[in-house]
Each structure stands twice: as C-alpha cells, then as structure tokens.
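Numbering of the sequence shown is given in the working numbering, commencing with residue 1222 and proceeding in unit increments. Quick reminder that beta carbons are idealized off the backbone N, C-alpha and C, glycines included. In this text, all values refer to a predicted model and were calculated from it rather than measured experimentally.
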Amino acid sequence: MKPKIFKLAAVLVLTTLVLGLFSFVKEPEVSYKCMIQMTNYTGEKAYVVVSLINPEGEYEKTLYIQGDDREWFPDLKNWWKFSNGSGENVDALSGATIGNGERNIISLGFSASHIDAGYKVRFESAVENQEYYAVDAEIELNSATLTEKVEGQGYIRYIRMVPNR
C-alpha cells in the first residue's frame, strides 16, 4: 500500500511542478509598425503617449512616449495619473517630439492574447500652452480592423498600423 501512496505523491509533485512551469511561459508578443501623421497646427511640437488600454477602459501599460523632456509629462493628464504611481520605467520608451505636419514611424509590441480580447491602443496628445487631447486617436486591437487607418481628433491627423515582418 505504501508504494501506491508514494507513486501518487510523486505524480502530484510532478504535476505541480509542470503546471508551475507554465506560469513562467511568456505569452507570444506581436510587433506592429505604427505611423503617426500629425495635422498642420501652429505652436510647439506635440507630446504623444501611446498606451495599452484594457477591456475595462483602464490603462494597463505604456507602449511609447513621443517626447523626452519629463517636465512636460504631467501635461498628458490622464496618462500621468496612471504612470506617476505605476512605477513604470519610461526612460527606454521615449523619443523626440513631433511637430506640425510631420510623421513618425514607431514600433509597438504587445501580447498576442490582447488581440480580439477588448484591448485598445490609445494615443494621448498635448502641446505646450495649447489643448490637451485625452483620446486623440484610439485603435481597437481587433484582427479585422487593426490595420485600418484611424483618424485623430486633435494634433494627430491619422494613425496606421502594419505588422512588423
């Protein structure tokens, strides 16, 4: 009878170890090139932050920041409320600001499990001494529409994403 208990215990330990290993398996990440085309406006160059928004409409992760002077980050009000307390390291995500009529191509990465699961990519924008757009543009991570052109509401004329190959 003891060998049966020993075998059962061994099976339980092995099962626990195998299931525990699956929790360390990283979800596949997908990467997209994203073109940000700005409108023709007057004034300073814009700060743009790109965030992953979960199905509940809450910030989950900062994907990219267009603008490298941290002094102006609080002007991106909604994102700042999230990022200031989140402990995110945004240093590696920063790029130069983008201005009137300019365009920039950036690379965005997120988990493949976010596609068709209610997640969105939000573009928030602000220009010094001008208006702030909490949702300048927003792209649903929907496999059927992800690569369609999305019009901006403020400083962004449009956004277009294509898979990185």
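Can the beta-carbon of F1331 be found closer than 9 Å to that of K1282?
Here the question's residue 1331 lines up with position 110 in the sequence shown. Here the question's residue 1282 lines up with position 61 in the sequence shown. The answer is yes: Cβ separation under 9 Å.
May I ask you to list the residues that DSSP assigns as paired with Q1287?
Position 66 of the sequence shown, counting from 1, holds the residue named residue 1287. Q1287 is bridged to V1269 and G1316.
For a cutoff of 9 Å on Cβ pairs, would you count V1271 as touching chain C?
The structure shown contains no chain C, having only a single protein chain.
Going straight from the alpha carbon of G1320 to that of E1265, what length do you get?
Here residue 1320 is taken as the residue at index 99 of the sequence shown, counted from 1. Here residue 1265 is taken as the residue at index 44 of the sequence shown, counted from 1. Distance between the alpha carbons of G1320 and E1265: 7 Å.
Hey, how far is the Cα of E1269 from the Cα of F1344?
Locating residue 1269 in the sequence shown gives position 48, counting from the first residue. Locating residue 1344 in the sequence shown gives position 123, counting from the first residue. It should be noted that the sequence gives Val, not Glu, for residue 1269. Each residue's Cα considered, the two are about 6 Å apart.
Helix, strand or coil, according to DSSP, for D1337 in the structure here?
Taking the first residue of the sequence shown as 1, we reach residue 1337 at position 116. Reduced to three states, the DSSP call for D1337 is coil.
If you count every other CB in all the chains shown that lies within 10 Å of the CB of V1271, and 16 or more means buried, which is it?
Translated into positions along the sequence shown, residue 1271 becomes position 50. Classification of V1271: buried, given that the 10 Å Cβ count is 16 or more.
In terms of DSSP beta bridges, what is A1355 paired with?
Sequence index remark: in the sequence shown, residue 1355 carries index 134 (1-based). Per DSSP, none; premise fails for A1355.
Report the rounded CA-to-CA distance for S1244 versus A1267, giving the unit in angstroms.
On the sequence shown, position 23 is the one that residue 1244 refers to. On the sequence shown, position 46 is the one that residue 1267 refers to. Since pLDDT at S1244 reaches only 48, below the 50 mark, its modelled position is unreliable, and the value read off the structure follows with that caveat. Their backbone Cα atoms lie some 40 Å apart in a straight line.
Residue range of the unbroken beta strand (DSSP E) whose run includes Q1258:
Mapped onto the sequence shown, residue 1258 falls at position 37. The continuous beta strand (DSSP E) containing Q1258 extends over residues E1250 to M1259.
Of the residues A1333, N1325, P1249 and P1384, which one's Cα is nearest the Cα of Y1285?
Sequence index remark: in the sequence shown, residue 1285 carries index 64 (1-based). Among A1333, N1325, P1249 and P1384, the Cα nearest to that of Y1285 belongs to N1325.
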